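Count the sequence shown with the UniProt record's numbering and you get residues 1 to 139, in order. Beta carbons: idealized from backbone N, C-alpha and C, even for Gly. Quantities reported herein were computed from a predicted structural model and do not represent experimental measurements.
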Amino acid sequence: RDFEREIDILRTSRHPRVLKIFAACVQPSRGVVALVAELVDGGSLHDALRGEGVNGHVDARARLGVLRDVCEGMDYLHRARTPKVVHRDLKPQNILLSSGPPGKPRATIADFGVARASPHTNLRATCNAVGTLAYMAPE
Numbered sequence: 001r002d003f004e005r006e007i008d009i010l011r012t013s014r015h016p017r018v019l020k021i022f023a024a025c026v027q028p029s030r031g032v033v034a035l036v037a038e039l040v041d042g043g044s045l046h047d048a049l050r051g052e053g054v055n056g057h058v059d060a061r062a063r064l065g066v067l068r069d070v071c072e073g074m075d076y077l078h079r080a081r082t083p084k085v086v087h088r089d090l091k092p093q094n095i096l097l098s099s100g101p102p103g104k105p106r107a108t109i110a111d112f113g114v115a116r117a118s119p120h121t122n123l124r125a126t127c128n129a130v131g132t133l134a135y136m137a138p139e
């Protein structure tokens with residue numbers, strides 16, 4: 001069920017900072033789930049911050065660019081997209097980086113497995129705590 005929700009959110013999202021999908025297959029009776037998505041070839045932000053992955057060490061200027069990309073993607077999900085989406089598990093492991101020009105990786109938000117779409121304009125009201133504890137908002 002979470003996978004189907006993730007597919008629906010990604011299928012209906014249109015923003016360069018949100019992972020694009022091209023095809024999906026869900027056959028729960030056979031235990032088959034597959035997702036064909038754009039290639040984001042630079043590894044995760046988590047890897048880059050540790051000096052691993054295609055981008056190696058990400059300097060302060062590149063980090064600001066990644067932050068800008070993530071903010072643009074989240075702004076789209078929270079304000080411009082209909083229905084609005086709360087990611088609920090935004091963390092460095094779920095931010096993918098393109099290899100791009102040296103020192104200028106671009107960020108793409110991925111892993112919408114626990115995300116929720118909401119027609120409401122107020123996205124703050126939540127009932128259950130979901131996500132990775134270390135990255136949860138303090139509210």
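Rounded to whole angstroms, what is the Cα-Cα separation between residue i and residue j?
i: residue 60; j: residue 103; result: 10 Å
i: residue 95; j: residue 30; result: 30 Å
i: residue 18; j: residue 10; result: 8 Å
i: residue 65; j: residue 72; result: 11 Å
i: residue 114; j: residue 88; result: 6 Å
i: residue 81; j: residue 47; result: 29 Å
i: residue 139; j: residue 15; result: Confidence is the limiting factor: at residue 139 the pLDDT is only 40, short of 50, which leaves the residue's position unreliable and the question unanswerable from this model.
i: residue 99; j: residue 119; result: 35 Å
i: residue 13; j: residue 70; result: 15 Å
i: residue 90; j: residue 6; result: 14 Å
i: residue 67; j: residue 1; result: 31 Å
i: residue 42; j: residue 112; result: 19 Å
Compute the beta-carbon to beta-carbon distance between residue i and residue j, rounded to the nearest angstrom, for a pair I have assumed lies under 8 Å.
i: residue 97; j: residue 45; result: 6 Å
i: residue 33; j: residue 3; result: 5 Å
Name the DSSP beta bridge partners of residue i, please?
i: residue 27; result: 32
i: residue 97; result: 107
i: residue 37; result: 21
i: residue 85; result: 117
Measure the CB-CB distance between residue i and residue j and report whether it falls below 8 Å.
i: residue 49; j: residue 101; result: no
i: residue 83; j: residue 62; result: no
Quick one: does residue i have its CB under 8 Å from some CB of chain B?
i: residue 10; result: Among the protein chains of the structure shown there is no chain B, as only one such chain exists.
With three or more beta-carbon pairs closer than 8 Å as the criterion, would you say the segment 31-45 touches the segment 103-112? yes
Please confirm if the segment 15-33 is in contact with the segment 44-58, defined as three or more CB-CB distances below 8 Å between the two stretches. no
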